[in-house]
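J.: Protein chains in written order, with our numbering: chain A, 919 to 1263; chain B, 46 to 144.
Dumping the structure here so I can ask a few things about it.
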């Protein structure tokens, strides 16, 4: 299975510079890059030199608007050519979005492409942030906030142009997406291994632990007193194991009512039907991966823990929703305490 | 028919209004059901009669709609009170997470 990364970030935040440097690195050899450029004549791909084992494919138009199907076709074509030996035997794929792109529809196209199943895995999202202009960009462009909110890795670029550390900006990034790991490019250099390692899956306990740490008591969450009050993170901890159908119904309601406002969801869930193997769930907006099952619990803590990042998410509503679903599922299964006498005539 | 609604459902509906950005009030009716008022809409929510493949009834004037569970109840209630509501179906990805 070939991991696919999405590299996003606002216009001028250093995506192409980053790729150009990474592709010259031996650690990043055998990489296929798909560059999406907004405009009829692409330039970025001409600015990137690669080693012999890596190469760049180009798409024009905005990936998130009109050419999502083209992305799937491009990926299918790459895989065919790799299998036929007419393309280098790449070991990873990086999709660089245009700076104006909303990454969510791109990820959806990737996650839902039926012909890609069994060949590709979604590895994660890297978002570049311009340390000099990032603050103003966030104030003016909502797309940039979303690019940060969905990231697994945030890379602060152009820090060498600052007179002082970007303390306020990094605090804002941490508030927007406390689960993402923040890295800094120094004079355009960054370690590829730290940026594009696999992050989302069941063999990434450190990554999962970073998300789940947000559910610890006293952990600061949300940005209600910050600059981006509409984007919050919510952590849910449940002592009781959850029935599989309850989890399914929860995801259904979240998709139904939060939809595009649910930017990321990750969690470790204790399922009644499979108590020895926790389920890792991961979703973006209304699209969720099938649960990945860990071989065992990573610690003695067997509580279910969910972390959600999104716009205008309310902890009290999600808690009440979970309680209602648990109670209803228990009633249907006939194991709940009897309803109050006033419920029956 | 019993109209009583359990507390957990009342709590969920009370929390749902601010979560949806809808101004309104949820209150208990004399028979233990719920009444939800938002703008010009007045809904009555009751438990469905036994023997039906539904759990809840949502009354809106003369019209009663039956729903089979919490997801359907929330969808029906919100569709009645939130003109901006566009339900979105959950999708399951074909691509797995990175191993």
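Glycine included, C-beta positions come from ideal geometry on N, C-alpha and C.
(1) Residue 998 of chain A by DSSP, collapsed to three states: which one?
(2) In terms of residues, what are the limits of the beta strand (DSSP E) holding residue 1200 of chain A?
(3) Can we say the stretch 928-944 of chain A touches the stretch 1024-1035 of chain A, given the rule of at least three CB pairs closer than 8 Å?
(4) Buried or exposed for residue 1085 of chain A, going by 16 or more other Cβ atoms inside 10 Å?
(5) Between residue 101 of chain B and residue 79 of chain B, is the Cβ-Cβ spacing less than 7 Å?
(6) Measuring straight from C-alpha to C-alpha, what distance separates residue 74 of chain B and residue 91 of chain B?
(7) Got a sec? Which residues, its chain only, sit under 8 Å from residue 1136 of chain A by beta carbon, not counting five neighbours each side?
(8) Out of curiosity, what's the CA-to-CA distance linking residue 1240 of chain A and residue 1168 of chain A?
(9) Can you tell which of A/1074, A/1071, A/1186, A/1041 has the C-alpha that lies nearest to the C-alpha of residue 1025 of chain A?
(10) Per DSSP, residue 1184 of chain A is paired with what?
(11) Once DSSP output is grouped into helix, strand and coil, what is the label at residue 79 of chain B?
(12) Between the stretch 1031-1064 of chain A and chain B, which residues of the former have a C-beta closer than 8 Å to a C-beta of the latter?
(13) Looking at the C-beta of residue 1245 of chain A, does it have a partner C-beta in chain B at a distance below 7 Å?
(14) Answer yes or no: does any C-beta atom of chain A fall closer than 7 Å to that of residue 86 of chain B?
(15) Per the contact definition of three or more C-beta pairs closer than 8 Å, is the stretch 1187-1201 of chain A in contact with the stretch 1054-1074 of chain A?
(16) For chain A, is any of its Cβ atoms less than 7 Å away from the one on residue 67 of chain B?
(17) State the Cα-Cα distance for the pair residue 54 of chain B and residue 76 of chain B, rounded to the nearest angstrom.
(18) Say whether chain A places a C-beta atom closer than 7 Å to the C-beta of residue 57 of chain B.
(19) Since residue 86 of chain B sits in a beta bridge, which residues does DSSP pair it with?
(20) Is there at least one Cβ from chain A nearer than 7 Å to residue 133 of chain B's Cβ?
(21) Using 7 Å as the threshold, is the C-beta distance between residue 1075 of chain A and residue 932 of chain A below it?
(22) At a CB-CB cut-off below 9 Å, which residues of chain A make contact with residue 60 of chain B?
(23) At which residues does the beta strand (DSSP E) containing residue 921 of chain A begin and terminate?
(24) Could you tell me which of A/1050, A/1202, A/1173 sits nearest to residue 1027 of chain A, measuring between CA atoms?
(25) Just to confirm, are residue 1216 of chain A and residue 1039 of chain A a CB contact at a threshold of 7 Å?
(26) When you compare the CB of residue 139 of chain B with every CB in chain A, is at least one pair closer than 7 Å?
(27) Can you give me, in chain order, the residues of the stretch 989-1006 of chain A that have a beta carbon less than 9 Å from any beta carbon in chain B?
(28) Helix, strand or coil: how does DSSP classify residue 1211 of chain A here?
(29) When the Cβ atoms of the stretch 1155-1165 of chain A are set against those of the stretch 1183-1191 of chain A, are three or more pairs found closer than 8 Å?
(30) Helix, strand or coil: which one does DSSP assign to residue 1052 of chain A?
(31) For the beta strand (DSSP E) holding residue 1219 of chain A, just list the boundary residues, first then last.
(32) Distance, Cα to Cα, residue 990 of chain A vs residue 104 of chain B?
(33) Let me confirm a value: residue 1222 of chain A is counted as buried when at least 16 other C-beta atoms fall within 10 Å, else exposed. Which label applies?
(34) Work out the CA separation of residue 1231 of chain A and residue 1142 of chain A for me, nearest whole Å.
(35) With a threshold of 7 Å between beta carbons, is residue 104 of chain B in contact with chain A?
(36) Based on the DSSP secondary-structure assignment, which residues constitute the bridge partners of residue 1206 of chain A?
T.: According to the data block:
(1) helix
(2) 1197-1202
(3) no
(4) exposed
(5) no
(6) 10 Å
(7) In this prediction, residue 1136 of chain A has a pLDDT of 49, which is less than 50 and means its spatial position is unreliable; nothing more can be read from the coordinates.
(8) 7 Å
(9) A/1041
(10) A/1200, A/1225
(11) strand
(12) 1031, 1032, 1034, 1035, 1038, 1039, 1040, 1041, 1042
(13) yes
(14) no
(15) no
(16) no
(17) 15 Å
(18) yes
(19) B/83
(20) yes
(21) yes
(22) 1232, 1234, 1235, 1236, 1237, 1238, 1239
(23) 920-927
(24) A/1202
(25) no
(26) yes
(27) none
(28) strand
(29) yes
(30) helix
(31) Residue 1219 of chain A -> no beta strand (DSSP E), and no H or E assigned at all.
(32) 46 Å
(33) buried
(34) Unreliable placement is indicated for residue 1142 of chain A, whose pLDDT of 43 sits below 50; the coordinate value is still reported in the next sentence. Rounded to whole angstroms, residue 1142 of chain A to residue 1231 of chain A spans 11 Å at the Cα level.
(35) no
(36) A/1201, B/137
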